[in-house]
Amino acid sequence: MIDALIGEETDMDELIERLEKANATLLDMAEDAKRKSDYDNQWRLEAKAEGVRLALDYARTTVVVVDTYPT
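Residues in the sequence shown are numbered from 18 upward in steps of one, following our numbering.
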């Protein structure tokens with residue numbers, strides 16, 4: 018199922034790298050919004066970053082489980 022979502026050519030390491038970059042970008046954008054006193058945008062971006070962080074945690078867990086229990 019994950020392969021269908023991310024494309025068969027994409028491996029989990031690449032997905033994790035993309036999620037890490039997306040999380041860092043969203044947090045930087047939220048910090049910038051905070052400096053501009055744009056609190057609604059800050060909170061929206063922080064919520065998106067939290068969602069990306071949760072997906073990142075799940076992807077890392079999946080890699081550990083797959084590496085531990087190969088098929």
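Where a beta carbon is used, it is the ideal one built from N, C-alpha and C, also for glycine.
* To do: Might you give, ordered along the chain, the residues of its own chain that have their beta carbon closer than 6 Å to the beta carbon of residue 63, omitting 5 neighbours on each side?
  => Excluding positions up to five away in sequence, the list reads 47.
* Asked: Which whole-angstrom value describes the C-beta separation of residue 69 and residue 43, a residue pair presumed to lie in contact below a C-beta threshold of 8 Å?
  -> 6 Å
* So the alpha helix (DSSP H) residue 49 belongs to, where does it begin and stop? -> 29-52
* **Outcome for residue 91 when other beta-carbon atoms lying within 10 angstroms are tallied against a minimum of 16** => Outside the modelled stretch of the chain, which goes from 18 to 88, sits residue 91, for which no answer is possible.
* Asked: What residues in its chain sit with their C-beta under 7 Å from that of residue 73, if we drop five residues either side in the sequence?
  -> 33, 36, 37, 40
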